[in-house]
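Sequence lines, in order, name chains W and L. Okay, so the first sequence: first residue is 1 according to UniProt numbering, each after it adds one. Okay, so the second sequence: first residue is 1 according to UniProt numbering, each after it adds one. Using N, Cα and C, we set each Cβ at its ideal position, and we do this for glycine too. These figures come from a predicted structure and were not determined experimentally.
2 protein chains.
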Amino acid sequence: MFPACAVRLRALHILRAPRGGVLPPAGERRAAQKLFSSEKVIHKDRSLPNSSWNSDLKLMFDQFMKKCEDGSWEHLPSYGSRSSQIVQYFKEVFLETKLRKDEQMLSQARLFTRSYEDGLGFEYVMFHNEQEKRTVCFCQGGPYLQGPPGFLHGGSIATIIDETASMTAIIAGGIVMTVNLNINYKRPIPLCSVVVINCQVDKIEGRKLFISCDVRSIDEKTLYSDATSLFIKLDPNKSLT
Amino acid sequence: MFPACAVRLRALHILRAPRGGVLPPAGERRAAQKLFSSEKVIHKDRSLPNSSWNSDLKLMFDQFMKKCEDGSWEHLPSYGSRSSQIVQYFKEVFLETKLRKDEQMLSQARLFTRSYEDGLGFEYVMFHNEQEKRTVCFCQGGPYLQGPPGFLHGGSIATIIDETASMTAIIAGGIVMTVNLNINYKRPIPLCSVVVINCQVDKIEGRKLFISCDVRSIDEKTLYSDATSLFIKLDPNKSLT
């Protein structure tokens, strides 16, 4: 749901229309900057190897970085031009809300999938293939993502699927909203193992983007989960009814 | 997926049949105890108010504790007889696996929904109504669960839905496995607000349990998400094919 909420807010008439690129007054910008002081966390690229990555995750990172050399694949940093635009977009939306009732807590805000110290939660990197409209995410689920002892929680699997599907939809459709996430759990995922989440745009019908995903072992022999996501593509410059 | 994985493991013939109550040898039990040293975290009841709870969450807690007085509702602690049985069950399953390749990381393991310090992640409490086959969960989503700035990540919503639906299924069906989780996102949830997740057993057909959920504001006027879950009820004493 990462890219989806502001658009959904507008579609549901919770918020006023966007400012069309006009920045809020300087005072409000400074307030927002303070409120989102966790922005410095965003500017550390968490998609690069750190000491908590196991050999499988490092191996897949190296393999796909090589595939990037001929331009067929693109490494997606944890921040960058796409992410920055989205963050800016949501800041403006947020400035227009009256939801800042707990500013002290909000000033601590972190992106859910990047909110743990290295190695404890989601360690992941994404690569995108433009020609195939496909994004792969290699994820090592750390010990704080436990469901039953020794295995990942179903919610943590849903989270990394949502994150990867959303990125695929953003690249294909720009500003989109998530409508549905439908997951089939087939096998449990051992804690601290590495899986690959493979998301693909199946079809685009008008404003609808249909994304399918599967979660497999890195040798692709074991299917852990599969899922479908439906997103709606929106034009932020048009009034939405 | 909390209650589901061991059963799924067996159904998929990944693991051998359960030991039928016979404990593993003492040496292995000690090894498991060491491996799951985070058990002490489980024995702090996280479903009781702490200083990070806001007034809405405290209010709903007090209201439902009063409803428990006549026995129509039951407060579900974050650990207790049900949880202990499930943890013990999974420990035995885990002992039979050969997945302990990263014991250092696993010794740090924590339940995903209880893995944050007070107030930063999921603060929640559940109550169950046996007659209505219904569980309600009041959840305050902290600043580390952020998706778009100011709002919860879709994965964190999926997580608390999965946790509440699983508990509903455990109470109704004992040992169950999650087959499907299907979520419709309708409105974004502001960070640090309190929502109520309402899960109900719609019907039981043979071994299938159909659970429906919705996520609303505590005044129930705003519908944020709805979802369905399908679980399979299993008899761990029978061979599963």
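Any C-beta of chain L under 7 angstroms from that of residue i
i, result
"Thr178 (chain W)", "yes"
"Asp56 (chain W)", "no"
"Ser156 (chain W)", "yes"
"His153 (chain W)", "yes"
"Leu230 (chain W)", "no"
"Asp219 (chain W)", "no"
"Thr135 (chain W)", "no"
Residue j beta carbon less than 7 angstroms from that of residue i
i, j, result
"Leu234 (chain W)", "Ile171 (chain W)", "no"
"Leu57 (chain L)", "Phe138 (chain L)", "yes"
"Trp53 (chain W)", "Glu123 (chain W)", "yes"
"Val196 (chain W)", "Val125 (chain W)", "no"
"Phe112 (chain L)", "Ser156 (chain W)", "yes"
"Leu191 (chain W)", "Gln131 (chain W)", "no"
"Val194 (chain L)", "Ile218 (chain L)", "yes"
"Leu209 (chain W)", "Ala158 (chain W)", "no"
Identified DSSP bridge partners for residue i
i, result
"Ser225 (chain W)", "W:Tyr185 and W:Val215"
"Phe210 (chain W)", "W:Lys203 and W:Leu230"
"Leu191 (chain W)", "According to DSSP, which records beta bridges pairwise, Leu191 (chain W) is partnered with nothing at all."
"Asn180 (chain W)", "W:Leu230 and L:Asn184"
"Cys68 (chain W)", "Cys68 (chain W) is not bridged to any residue."
"Thr135 (chain L)", "L:His128 and L:Cys199"
"His75 (chain W)", "W:Phe127"
"Gln146 (chain L)", "W:Leu111 and L:Leu152"
"Phe61 (chain W)", "In DSSP, Phe61 (chain W) forms no bridge with anything."
Classification of residue i by the beta-carbon crowding that lies within 10 angstroms, buried from 16 upward
i, result
"Asp162 (chain W)", "buried"
"Glu205 (chain W)", "exposed"
"Asp202 (chain W)", "exposed"
"Tyr224 (chain W)", "buried"
"residue 242 (chain W)", "Given a span of 1 to 241 for chain W in the structure shown, any question on residue 242 (chain W) remains unanswerable."
Beta-carbon proximity list for residue i, same chain, < 7 angstroms, skipping 5 on both sides
i, result
"Leu120 (chain W)", "Gly142, Pro143 and Tyr144"
"Met167 (chain L)", "Leu76, Met126 and Thr135"
"Gly154 (chain L)", "Gly147 and Tyr185"
"Phe151 (chain L)", "Pro188, Ile189, Pro190 and Leu191"
"Lys133 (chain W)", "Ala172, Gln200 and Val201"
"Thr222 (chain L)", "Arg187 and Arg216"
CB contact below 7 angstroms: residue i versus chain W
i, result
"Ser37 (chain L)", "Model confidence at Ser37 (chain L) stands at a pLDDT of 46, short of 50, so the residue's coordinates are unreliable; what they give is reported in the following sentence. Output row for Ser37 (chain L): interface = no."
"Thr222 (chain L)", "no"
"Arg110 (chain L)", "yes"
"Ser115 (chain L)", "yes"
"Leu145 (chain L)", "yes"
"Gly182 (chain L)", "Position check: residue 182 (chain L) holds Asn in this sequence, whereas Gly was assumed. Chain W, which has a Cβ nearer than 7 angstroms to the Cβ of Asn182 (chain L), makes this yes."
"Thr168 (chain L)", "no"
"Asp226 (chain L)", "no"
"Asp162 (chain L)", "yes"
"Tyr124 (chain L)", "no"
"Pro25 (chain L)", "Residue placement at Pro25 (chain L) cannot be trusted, given a pLDDT of 43 that sits under 50; the coordinates are not used to answer."
Any C-beta of chain C under 7 angstroms from that of residue i
i, result
"Asp45 (chain W)", "Protein chains W and L are contained in the structure displayed, whereas chain C is not."
Sequence-distant residues of the same chain with beta carbon closer than 6 angstroms to residue i, five excluded per side
i, result
"Ala165 (chain L)", "Cys199, Ile211, Cys213 and Ser229"
"Arg46 (chain L)", "Ser78 and Arg114"
"Arg187 (chain L)", "Tyr224"
"Arg207 (chain W)", "Ile232 and Lys233"
"Asn215 (chain W)", "Here residue 215 (chain W) is Val; the residue named in the question, Asn, does not match the sequence. Around Val215 (chain W): Val195, Ile197, Tyr224 and Ser225."
Same chain, Cβ closer than 8 angstroms to residue i, neighbours up to 5 away in sequence not counted
i, result
"Asn184 (chain W)", "Ser225, Asp226 and Ala227"
"Pro49 (chain W)", "Leu57, Lys58 and Phe61"
"Trp73 (chain W)", "Phe64, Lys67, Phe127, His128 and Asn129"
"Ser51 (chain W)", "Asp118 and Gly119"
"Gly173 (chain L)", "Ile204, Leu209, Phe231 and Lys233"
"Asn182 (chain L)", "Ala227, Thr228 and Ser229"
"Met180 (chain W)", "In the sequence on display, residue 180 (chain W) carries Asn and not Met. Excluding residues within five positions, the ones whose Cβ falls inside 8 angstroms are Thr228, Ser229 and Leu230."
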